[in-house]
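Peer 1: Straight run, no breaks: the sequence shown in our numbering ends on number 817. Sharing a structure, written as structure tokens. Questions coming.
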Amino acid sequence: MRLLAGAGLAISLAVATTASALAAAPRWPTLAFEVHEGSGSAVPDAAADLARLAGRGLEPLSPQLKAEMEAYLTEVATEYQRMGFPPPALEPIVTRADGSRAYRVHWYAFGDPGHSGRNPEDVAIMGYRCQGEGGRREMHLNARTEGPRGLRNRLAIATGNSPGMLDQLTDKGYADLAHELFHAVQRGTAYFEANCEPPMWLYEGTAEAIGHDMAWRLRRVRTHHDPFNRWGLRAYHEAFHAGPDAKAETRTRLGYGSSSFWRYLAELERAMQSPASPPPRPGPGRVVRRDAFDYGYLVRMFSQAPRLRDGGQTLDWIDGWLRADPRLATRFDRVYADLVTVIAEFGRHRVDGVLPIPQRHENVLKVLFQDCPDVSLAAALGVDVKVALDLPEISARCLRLHRDDSLAGVLAVDLRAEVSAAQARALWLGEVGQTNAVAATVHDHPSHSVASWVVLLEPGQSREVVIANVARTPSQSGRSKPTIHVSVPGWQWTGPVPQPAGMPAPARRRPLPAPGGEDSEAVTHGPGTAQLVRETDPGVDAGCRWPHADARTQCGPVMSLVLRRLPRWLAHQAPGLSEAPAEQAGRLESFVASRATDALRSLDEQAVRIRMPQLEHGFTGTVENVLISVAGEGSEAVSRGPHDVESGRLAYFPASGRVHVEQYDALVFRGRFEGELVQLPLPNAHSEDRPRLPVVGKVEGRFLVGQPWAGDDRYTAVAPEADDVAMAISDRMPGPLRAGPQPGGAGSPGEAAAGASTGGGQCDCSCAGHARLMQELGELDRQPPGGGTDPAVVARAMCLLECQAAWTACAAD
């Protein structure tokens, strides 16, 4: 039982507010409350109401419960005043026998004779009036305990400790009292004086959020029986702002459920007070502290008095206010995308119950996103998986990415969609388990736009991702029906790629299977990066002979397919490494030092490069006379000849590779390649017998380029807004190379060593961290090489990449 005697009892909590808000808010005329057992309006005296209660078998309030309700309302009012809210628009204020003043609230059975205008299913009602109206600003509490709704959804119950009387507030009762009192507070603010009929998602959403959190702060109420209302687990696959055309039931359901949006802002407000730089983002973890939420931002927001016509204008105004607020300094679309990413984890952390955690998690995902389609990535290279999504304006859906250990190493999974320019700029992706969503990387073409993301998966790992649709200007969000293409870009080959002198000899080759064929498990998966570059000037090999080209003539525009051994997840994390080869060395030298440079660059220099005539979207078929080169360890082999076909004095060995294109469009370039390799340099003259060059090996394999637009000058990259950049590199590094031991495991020796400079999970970008890292790199440089992907080396290289800007201000070490 939660019974506390004494109407003046209040718990003092440290709720942070700004000094300006406290100074501007007038003191309330009273903080005391009187629970009146009667309506005070339709039936003139309380005795008649009490008689009706007894006649229907409904118990009156026990003296202890009446005192607890009055004390609790006083504590809630004290907190609202301390936050800086103005006095509530609540009537009447009565003078009691002892001369003290108190707000009166009415307790009676809704729907009884004399109260037939009250819906018996309502738990409580806060009356209000708009400008020029004569409504009564009264709080009414429903005394009913019978009916189709369970007792726990009522305000109070009878435990039997006070025979014939209700003697205990329910968990919901505590939340509802604070909820209704906040409605009275809302009506006393400038915002609600200017906007008497606000959208339900604002009016009920803010009251529901602060009501539950007041019950938690003041009485440690967890509402275990109703976690979906407690945490605002609403249908986020439906439009956030149900308009006036929606059914009343829909507006109510989504309006109350939008409490999760306002609670997220309260958690963000609290997080922004952290001394950490940058402050942490709110996460899905279990709430332990009573001051985990700070609703001071509502004081600032409701002190404004814009006159708004509809929900769209309200959304845009909130977005503008969030941008201008000095504390939050954020945007509506950013908050919404981060929220739906974080709330997807509540089933594992915040939802209590008897069900196992995996079941709770699935139930939450079903409520939030309706369903979460599975995407299998087993042996998926060469296969482009498509998932059609229907995203109303300001909504979100989820996908579940599965992989198994038949695909070796860390996978960089591409997700992309071909949509309109406006739709591309409204798409976000959040990885469940992270605290930040990532705005789509957008590339514009004259006829369409491409939105894309990259998600990293470790061996045996599955991951859920949330895709949100919310525009920079919220009211301009429109319905979007993107088809999300999911694939694992890269390349495969039958045995090791044949290497020039000094590299390992090729292993026994196996037949190359078709994508998804029965023999897929026989294929070695290439961990590397596949990149397509379209060139308007071939630059070299001016005498090449493409089909339909005159001998010894300029080949015209060409395109290059570059297949690097640098792991794609690493190329994604360090963008400078995935650029055109001519630009890599300089960037790498400026970013990375010592053996870290060698570790990354040695991988990047081992590549297969394929040059062919420039193709257009929609082309399928075989391209002959393709130049394939295999580079590594300072030497190179190419697919030329092997016969000299020139009759003159000079030798000419034509390109002899082949590429079989299976798909080429805005989102995918995939197919197969093959060719016989000869060692460079080639002779520039021939002998009279015109010998056949010795073939050092045959290269053949399969490729899939998941971002064919990246090297296509017909596409224009759209610069993201400053706060739309992806998460810090170290936060998204896969476990094998993430700095420091990981939760749930001791970590590898390399991880443990890396943790010394990175603080056990993220890079230390301070000047002291820079000095420490450079010292460790020097020590590593004196040790015997541990391999190109030594975790200790690469983890430090990643920190050098991440912290380079911060370290420019540090004195030279």
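Think of the CB as a built atom: it goes at the ideal place given N, C-alpha and C, for glycine as much as any other residue.
1. For Pro-646, which residues in the same chain have their Cβ closer than 8 Å to its Cβ, ignoring the five residues on either side in sequence?
2. Taking the beta carbon of Phe-819 as the centre, do at least 16 other beta carbons fall within 10 Å, making it buried, or is it exposed?
3. What are the boundary residues of the beta strand (DSSP E) that includes Pro-617?
4. Alpha carbon to alpha carbon, what distance is there between Tyr-178 and Tyr-340?
5. Could you compute how far the alpha carbon of Asp-320 sits from the alpha carbon of Asp-126?
6. Which first and last residues belong to the beta strand (DSSP E) in which Trp-713 is found?
7. Could you tell me the distance, in whole angstroms, from the CA atom of Leu-393 to the CA atom of Lys-370?
8. Which residues does DSSP list as the beta-bridge partners of His-144?
9. In terms of residues, what are the limits of the beta strand (DSSP E) holding His-447?
10. Exposed or buried, which one is Thr-626 when buried takes at least 16 other CB atoms within 10 Å?
11. Please report the residue range of the alpha helix (DSSP H) in which Ser-264 lies.
12. Quick one, which of Glu-780, Glu-620, Leu-684 has its alpha-carbon nearest Trp-713's?
13. Within 10 angstroms of its Cβ, does Ile-214 collect 16 or more other Cβ (buried), or is it exposed?
14. Using the Cα positions of Leu-856 and Arg-238, report the straight-line distance between them to the nearest angstrom.
15. I believe His-406 touches Val-368 by the beta-carbon criterion, under 8 Å. Please report the beta-carbon distance rounded to the nearest angstrom.
16. Where does the unbroken alpha helix (DSSP H) through Tyr-240 begin, and where does it stop?
17. What does Ala-455 pair with, by DSSP beta-bridge criteria?
18. Who does His-40 pair with in a DSSP beta bridge?
19. Measuring alpha carbon to alpha carbon, tell me which residue in Arg-223, Thr-318, Val-722 is nearest Phe-196.
20. Where Met-563 and Val-665 are concerned, what is the direct C-alpha to C-alpha distance, given to the nearest angstrom?
21. Quick one: give me the first and last residue of the alpha helix (DSSP H) that Gln-351 is part of.
22. Taking C-alpha atoms, which residue in Asn-233, Trp-220, Pro-203, Val-225 lies nearest to Asp-249?
23. Determine, using beta-carbon pairs with one atom in the segment 82-97 and one in the segment 289-297, whether at least three such pairs fall under 8 Å.
24. Could you tell me the distance, in whole angstroms, from the CA atom of Arg-338 to the CA atom of Phe-265?
25. Buried or exposed, going by whether 16 or more other CB atoms sit within 10 Å of the CB of Gly-744?
26. Using 8 Å as the threshold, is the C-beta distance between Lys-176 and Asp-102 below it?
27. Just to confirm the assignment, what range does the beta strand (DSSP E) spanning Asn-473 have?
28. For Gly-494 and Ala-275, I'd like the C-alpha separation in whole angstroms.
29. Check Asp-295 in the structure and name its three-state DSSP category.
30. Okay, do the segment 441-455 and the segment 353-364 touch, 3+ Cβ pairs below 8 Å being the bar?
31. Rounding to the nearest angstrom, what Cα-Cα distance links Val-703 and Lys-485 in this structure?
32. Can you grab the Cα-Cα spacing for the pair Pro-30 / Ser-491, in whole Å?
33. Tell me the DSSP secondary structure of Cys-402 in three-state form.
34. Just to confirm, is the Cβ distance from Thr-210 to Leu-302 under 8 Å?
35. Could you pull out every residue in the same chain whose Cβ sits closer than 7 Å to the Cβ of Phe-623, ignoring the five residues on either side in sequence?
36. Can you tell which of Asp-418, Pro-377, Met-87 has its C-alpha closest to the C-alpha of Glu-468?
Peer 2: So, to answer that:
1. Excluding its 5 nearest sequence neighbours in each direction, Pro-646 has C-beta neighbours in its own chain below 8 Å: Phe-657, Ser-660, Glu-680, Val-682, Arg-696, Leu-697, Pro-698, Val-699, listed in chain order.
2. Nothing about residue 819 can be reported from this structure: the residues present for the chain run from 5 to 817 only.
3. 611-617
4. 28 Å
5. Cα-Cα distance, rounded: 32 Å.
6. Note, Trp-713: premise wrong, no beta strand (DSSP E); not H, not E.
7. 15 Å
8. In DSSP, His-144 forms a bridge with His-110, Ile-129.
9. Per DSSP, the continuous beta strand (DSSP E) segment holding His-447 begins and ends at 445-449.
10. exposed
11. 263-275
12. Here the closest residue by C-alpha is Glu-620.
13. buried
14. Outside the shown range of the chain, which is 5 to 817, sits residue 856, and nothing can be said about it.
15. Between Val-368 and His-406 the Cβ distance is about 19 Å, and since that is not below 8 Å, they are no contact.
16. Looking at the DSSP string, Tyr-240 is not in any alpha helix (DSSP H), and its letter there is neither H nor E.
17. Ala-421, Val-446
18. His-110
19. Thr-318
20. Taking the straight line from one Cα to the other gives about 13 Å.
21. Checking the sequence, you will find Gly at residue 351 rather than Gln. Its alpha helix (DSSP H) spans residues 350-353.
22. Pro-203
23. no
24. 12 Å
25. Model confidence at Gly-744 stands at a pLDDT of 34, short of 50, so the residue's coordinates are unreliable; what they give is reported in the following sentence. Counting Cβ neighbours within 10 Å, Gly-744 comes out buried, since at least 16 surround it.
26. Contact flag unset, no.
27. Element bounds for Asn-473: 467-473.
28. 40 Å
29. coil
30. no
31. 41 Å
32. Pro-30 and Ser-491: Cα-Cα distance of roughly 60 Å.
33. strand
34. Between Thr-210 and Leu-302, the CB-CB gap stays under 8 Å.
35. Counting only residues of its own chain and dropping the five nearest sequence neighbours on each side, Phe-623 has a CB closer than 7 Å to the CB of Val-665, Tyr-668.
36. Pro-377
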